[in-house]
Structures are given as structure tokens and as C-alpha cells.
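**Student:** Quick one: the structure is below, questions incoming.
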Amino acid sequence: APGIENFIDRLSLFLNFVGFTTLLIGGVGVSAGVRDFINTKTPTIATLKCLGASGDLIFKTYFLQILFLTLISTSIGMFLGALLPYLFSLIGSAFLPVEPEAKIYIFPLLYAAAYGFLTVLTFALWPLGKAQNVAAGALFRDKITPIDAPPLRKYKVASLLSLLILIALTLLTSIRMDFAAIFIVASAAILFVLLKASHGISKIAEKIPPIASTHLRLAIKALHKPGNSVTSVVVSLGLGLSVLVAVTQIDQNMRGQIQENIPKEAPTFFFIDVQNHQVADFDRTLQTLEGTKNYKRVPSLRGRIVEINGVDVQKIDIPPQSQWAIRGDRALTYSNDIPEDTIITEGEWWSVDYKGPPLISFDSGLAQDFGVGVGDTLTLNILGRNITAKIASLRAINWRSIKFDFAIILSPGLLENAPHTHIGAINTDTASENAVEKTLARDFPNVSVIRVKEALEAANDILNNISNAVGLAASLTVLAGALVLGGALSSGRDQRIYEAIIYKVIGVTRFKMLQSYLIEYGVLGLVTGFISAIVGTIASWAVIRFLMDMDWQIYPLHILMTLVLCLFLTIAAGFIGTWSALGQKAAPHLRNE
């Protein structure tokens, strides 16, 4: 079924998106983690430089430590990644129509390892390179004048090279290269917007005149003072929240698509292979059985589209989503009357007594991809004979519904005498199901009776399990983002302790300091959350509309829930770090300094 195949392809694309976003969030976490790690080693680096250690020695010392940690974490990740499919295979038969077969696939594991190392190199080389390119005196003054020197050129080149290799690996291993390319460009654009926003916040805060309120003055000062955390918080928080908003919106659109694909009402039975000479008896039998309703029957033939406006279909470039219509024979029918609930989007239905050349009522979606409209022609091969018919009307067809609908309906007068069969459908109550099946098996043994209920329940279970898998994948990204964002806001604890001691010495109370921190992070969270909601929503719209080729709709409640949840977790982490910093005694720190 082309629809199911397309849906699975979209699901794979979503999982690809989840993988990329998790890597991106992880990269931001690596960068923040390495930067904080180097900040804690500032006195050690300054001491080593005073003792004559070269910048290269310092870089190699800490780079080897980062590399060793990367090796351990990547090995753990590869082991878990190889182990989990075996665990899933044990329970997979209960959730999937086929039992998955677990194996060790070497190349995906190697790809994963490469992604891990390249992500660390890309995001760690820059902060590592900055630390070794600073004089010892500047390192000792880091508390007052934070280090902001760029790394040497060789580290810039190495960082850029690892980034280019990571981009190349992303493009080569993606299921769709265009999707990977758009993701990379969009990520760069989001980073640029967030960086500009962080600089804008600092500039605006710097221009605000002095305020009498102590905690407000401290909060505003913190937004533009040297070494402020605005850029790190806005970029980490904004990137993470943008991704989380995009993932949750895509997740909800995917879930909505799944729910739409599950029919709410369906016939109890489908019937196929009803012969022409059986039609009258078949109709009479079903219409007299008790507990039945909504009986419908239509003629059915098979035909193949061979030409569009006189041009061989093999020579026409048809989009992938519509190529199913030209692959082999397709079901078609003929009808005098316009079918029930038909929506004509262009043209008109033929008259009841039409006797002219053959006409076609065609699917409007296929017509758009075929590049045809009312007045154009299709040539069909039916039972070995080519028949050219003019398109008289276009119909909007909902292929998700379980009702008789055909991409091609021909006008009467041509196919009635061709060898063909009929198909039918009927609704029955539960008590009458067995009676209907037994009667038809006795009186019409050649007619195939298909129970829709069991098939629909099986499809329902499969789609619900797919929906749960989509939610699980999205929740993993949300979890990764929450952890990284919490780390971003809880970082810089030493700097906050230093500031808290200074404020305590000059008489600022803990309550006023706490108020200033809450105002500072509240402003950052409000501005960043607003930007993230816009960016993430636009990203989800682009992915759903242009890459997954699905209808998009916004879920504002989920945007709000994502932002509130993540802001709560991250600000709580920052609050905990700040509270512990405010609880430090001044005397021990003053003596040590």
C-alpha cells in the first residue's frame, strides 16, 4: 500500500530528525561542559604557565582528558546501542506484525562512534584552544576580567575541519540528503539568531539608567557585566528549547496523522468477485438479511494508465508520491450517477443519459502531480485494449477513509459489456455477523467475504504502537535537552559564589541577591522562550510541510507545556546552584583568596 509505505518513510525521517537534534543538543552540552571544566582549572593552568609550561602542553593535557572521557562514553553508548535491539526483539512480537531479528551491524556502530568523536571535537576544540592562548597573569585575573581571547589559528582550523567532516558524515548517512542539508542550514540560522538576541539583551541592559532598587540594579548589571552568562544561557537554552518545540510539534503532527489514518467507522464485510449474473440475487439476499444496513455495490475492473495527453507515462516525470498510479493495473469503475459524498473540485459530472465519447472523473491529487486538468486526456489499457478518454471532472478523494472510491471513474456506455466483476460492502450488528457469512458461503461460494473488523483492529494496534514509538523517541530528545539546559543554567557556580561573597561583604542580603538572580534568569527565560517558540514552530512547519509532505497544524498547548516544563527544570537547577552559592560563608573564601 503506497500510503503505508510513505508513512513509514516519514516516520524514518522523523527518527532521523530526532537523532540529529539529540546530537546538536549534546554538542551544546559538550561545549558548555568543556568550558566549565576549563574554568575550574584556571588556577592550575595559571600555575603551570608560571612554571614554564607551554600552551601546547596545557592543550594536550586537557585534550587527552576530554578524549579519554569521550572514548569511555562512546564505548558505553555503542554497547547499549548494540544491546537494546536484542532486548526489543524479545518483546517485539507483542507489538509488531513481524518478529524483529536482532543482529550486530558493524557499520552503524562505526557511524555512531564517528558521530560521538566528531561532535566532541567540533564543540570542544574551541574552548580548549582559548584556554592555552592566555597569559598567566590574565588567568589569575579571571574572576575580575574574564578570559575572552580567541584560540590560535590552528585550533580554529581544526575545529572548522571537524565541523566540516561532521557535516559530511551527516549528509552521507542521512536517509534523505536534502533533509540533512536543510537541517544543517536551519541549525546555523537558529544559532545566529540566538547569538544576535543574546548580544541585543546585553546592549539593551547596558543602556538602562541606574535604578534605585538594589535587586533590580544587580539583575540588570548581571546582564551586561564582563563575563556575563547571557550568551551561554540564551544559546544553550534557546537552541534546546527551539529543538524541543520543533520535536514536540512534529511528534503531535505525526500522532495526528496516525489517528486520522485509523477509520472511525468501517463496514463489517467487504465482498469481491461477485459475477454479473449473480448481481440481482446477491443484492436481494443481502437486503433481506436481518441486522444489516448501508449495503453498497459497484462494478470493478482493472486497467493501466499508459499515456497522459498522448505521451507515454514512462517519459513523464511524475513525483514519487504518485508513481503508484502508473505501476501496473489499477482498480477503476464506471457510474451513471455521481457517487455519494463526492466533492467535485473542477469540471462537472456527466448527465444521467450521457451517450457520447468516454469521459473520466479523476483524482484531483493525482491530476496535480500528473500535470493535467479538465479537458486533458488519459489513455487506459483495459483487457489489452487502449481506450483514450477526456477528463470531465476532478474529485477530492480522502484515501484514509474506508469507502468505495476510485482514482478513475469512467462514464457509462463503454465498459458495461466488458468482462468484469463487482465488489460490495455492508454493515451488520454483532449478532448477525455469523449469519451473513454462513448465508453467503452457502449461496455464493465463489464470492470472497472479507471481515474488516479483525483487519482494522490489527492495523489499529500497529499504528498505535508506532504512535507510542514516536512519543518515546521524542521524549528521549526532550530528556536530553532538559539535562543539557539544566547544566547550562547551573554552570558557573564558582563565579556565583565569588559574586555572593563580594555582595555579602558590602552588605547585600541573601534575599535581595536571590531576587536579582531570579529577575536575571526570568528575563533571559522570557526572551529566550519567546524566540524559541517562534523558531521551533517555524522549523516544525517546514519539516512537516515540505519534507514529510503532510498537512501541518499548530499545537499551542504543547508549545506552552514544553516551554514551561523545560524552563521550570532549568531555572530550578539554576536556583539550586544559586541557593548553595548564597549559603557559603564569606570568611573561608576571603582567607583562601
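Residue 61 in this note's numbering sits at position 58 of the sequence shown; the count goes up by one each step and never skips.
Positions of the beta carbon are idealized from the N, C-alpha and C atoms, including for glycine.
#1: I believe Ile347 touches Ser396 by the beta-carbon criterion, under 8 Å. Please report the beta-carbon distance rounded to the nearest angstrom.
#2: Helix, strand or coil for Gly294, going by three-state DSSP, please let me know.
#3: Taking just the CA atoms, how far does Tyr501 sit from Thr512?
#4: Using the three-state DSSP reduction, which class does Arg398 fall into: helix, strand or coil?
#5: Excluding five sequence neighbours on each side, which residues of the same chain lie with their C-beta closer than 8 Å to the C-beta of Ser15?
#6: Is Thr382 near Ile329, with beta carbons less than 9 Å apart?
#7: Please report how far the alpha carbon of Phe195 lies from the alpha carbon of Val188, in whole angstroms.
#8: Decide if the stretch 117-129 is in contact with the stretch 165-182; the criterion is three or more beta carbon pairs, one per stretch, under 8 Å apart.
#9: Could you give the uninterrupted runs of the beta strand (DSSP E) lying entirely in the stretch 371-451, keeping only those of 3 residues or more?
#10: Whole angstroms are fine: how far does the CA of Val31 sit from the CA of Leu121?
#11: For Asp254, which of Ile75, Phe66 and Ile557 has the nearest alpha-carbon?
#12: What span of residues does the alpha helix (DSSP H) with Val196 cover, start to end?
#13: Closest to Ile75 by C-alpha separation, out of Gly119, Asp39 and Ala49, would be which residue?
#14: Measuring straight from C-alpha to C-alpha, what distance separates Pro1 and Ile11?
#15: Please report the residue range of the alpha helix (DSSP H) in which Arg333 lies.
#16: Just to check my reading of the structure: Ala392 and Leu362 have Cβ atoms closer than 8 Å, yes? What is that Cβ distance to the nearest angstrom?
#17: So, helix, strand or coil for Glu310, using DSSP?
#18: Okay, do the stretch 420-430 and the stretch 352-369 touch, 3+ Cβ pairs below 8 Å being the bar?
#19: Hey, how far is the Cα of Pro213 from the Cα of Leu226?
#20: Quick check on the burial criterion: 16 or more other C-beta atoms within 10 angstroms. Buried or exposed for Ile109?
#21: Can you give me the C-alpha to C-alpha distance between Ser325 and Thr43, rounded to a whole angstrom?
#22: Can you list, in chain order, the residues of its chain whose CB lies under 6 Å from that of Thr251, leaving out five sequence neighbours each side?
#23: Report buried or exposed for Arg454, applying the criterion of at least 16 other Cβ atoms within 10 angstroms of its Cβ.
#24: Out of curiosity, what's the CA-to-CA distance linking Gly294 and Ala545?
#25: On the three-state DSSP scale, how would you describe Leu568?
#26: Would you kindly report the start and end of the unbroken alpha helix (DSSP H) that includes Ser519?
#27: Can you give me the C-alpha to C-alpha distance between Val246 and Ile41, rounded to a whole angstrom?
#28: How about Glu523 and Ala222: do their beta carbons lie closer than 9 Å?
#29: Find the nearest neighbour of Gln290 within the set Leu443, Met516, Ser519 and Ala483, judged by alpha-carbon distance.
#30: With a threshold of 16 other CB atoms inside 10 Å of the CB of Val238, please say whether the residue is buried or exposed.
#31: Decide if Tyr89 is buried, meaning its Cβ has at least 16 other Cβ atoms within 10 Å, or exposed.
**Tutor:** Reading it off the structure:
#1: Taking the first residue of the sequence shown as position 1, residue 347 is located at position 344. Taking the first residue of the sequence shown as position 1, residue 396 is located at position 393. Contact between Ile347 and Ser396 holds, since their C-beta atoms are separated by about 5 Å, short of 8 Å.
#2: Numbered from 1 along the sequence shown, position 291 holds the residue referred to as residue 294. Looking at Gly294 - three-state DSSP - the assignment turns out to be coil, as it is neither helix nor strand.
#3: As a first step, residue 512 must be located in the sequence shown, where it is residue number 509. As a first step, residue 501 must be located in the sequence shown, where it is residue number 498. Those two C-alpha atoms are separated by around 15 Å.
#4: Residue mapping note: residue 398 aligns to position 395 of the sequence shown, counting from 1. Three-state DSSP puts Arg398 in a strand.
#5: What you label residue 15 is simply residue 12 of the sequence shown in a count that begins at 1. Closer than 8 Å at the Cβ level, and outside the excluded window around Ser15, lie Ile178.
#6: Within the sequence shown, the letter at position 379 stands for residue 382. Within the sequence shown, the letter at position 326 stands for residue 329. For Thr382 and Ile329, no; Cβs fall outside 9 Å.
#7: Here residue 195 refers to the residue found at position 192 when the sequence shown is read from its first residue. Here residue 188 refers to the residue found at position 185 when the sequence shown is read from its first residue. Distance between the alpha carbons of Phe195 and Val188: 11 Å.
#8: yes
#9: 380-385, 388-399, 411-413 and 424-431
#10: Locating residue 121 in the sequence shown gives position 118, counting from the first residue. Locating residue 31 in the sequence shown gives position 28, counting from the first residue. Each residue's alpha carbon lies about 13 Å from the other.
#11: On the sequence shown, position 251 is the one that residue 254 refers to. Taking only the C-alpha atoms, the option nearest Asp254 is Ile557.
#12: In the sequence shown, residue 196 corresponds to position 193, counting from 1. That run of the alpha helix (DSSP H) goes Met180 to Lys210.
#13: Within the sequence shown, the letter at position 72 stands for residue 75. The shortest C-alpha separation from Ile75 is found at Gly119.
#14: Past the edges of the chain, shown from 4 to 596, lies residue 1, and the structure says nothing about it.
#15: Here the question's residue 333 lines up with position 330 in the sequence shown. Unbroken run through Arg333 is the beta strand (DSSP E), Arg333 to Tyr337; no alpha helix (DSSP H).
#16: Here residue 392 refers to the residue found at position 389 when the sequence shown is read from its first residue. Here residue 362 refers to the residue found at position 359 when the sequence shown is read from its first residue. Sure, about 6 Å apart at Cβ, within 8 Å.
#17: In the sequence shown, residue 310 corresponds to position 307, counting from 1. Strand, per DSSP.
#18: no
#19: To locate residue 213, count along the sequence shown from 1; it is residue 210. To locate residue 226, count along the sequence shown from 1; it is residue 223. About 13 Å.
#20: Within the sequence shown, numbered from 1, the residue matching residue 109 stands at position 106. With fewer than 16 Cβ atoms within 10 Å of its Cβ, Ile109 is classed as exposed.
#21: Against the sequence shown, residue 325 aligns to sequence position 322. Against the sequence shown, residue 43 aligns to sequence position 40. Computed Cα separation, rounded: 59 Å.
#22: The residue given as residue 251 occupies position 248 in the sequence shown. Cβ neighbours of Thr251 beyond the five flanking positions: His561 and Thr565.
#23: Within the sequence shown, numbered from 1, the residue matching residue 454 stands at position 451. Arg454 is exposed by the Cβ-count criterion.
#24: Against the sequence shown, residue 294 aligns to sequence position 291. Against the sequence shown, residue 545 aligns to sequence position 542. Using only the alpha carbons, I get a separation of about 49 Å.
#25: Within the sequence shown, numbered from 1, the residue matching residue 568 stands at position 565. Looking at Leu568 - three-state DSSP - the assignment turns out to be helix.
#26: To locate residue 519, count along the sequence shown from 1; it is residue 516. Run containing Ser519: Arg513 to Ala545, per the alpha helix (DSSP H) assignment.
#27: Taking the sequence shown and counting its residues from 1, the one referred to as residue 246 is at position 243. Taking the sequence shown and counting its residues from 1, the one referred to as residue 41 is at position 38. Taking the Cα positions, Val246 is about 27 Å away from Ile41.
#28: What you label residue 523 is simply residue 520 of the sequence shown in a count that begins at 1. What you label residue 222 is simply residue 219 of the sequence shown in a count that begins at 1. Going by C-beta atoms, Glu523 is nearer than 9 Å to Ala222.
#29: As a first step, residue 290 must be located in the sequence shown, where it is residue number 287. With distances taken between Cα atoms, Gln290 lies closest to Leu443.
#30: Taking the first residue of the sequence shown as 1, we reach residue 238 at position 235. Its Cβ being crowded by 16 or more others within 10 Å, Val238 is buried.
#31: Working through the sequence shown from its first residue, we reach residue 89 at position 86. Exposed, by the Cβ-count rule.
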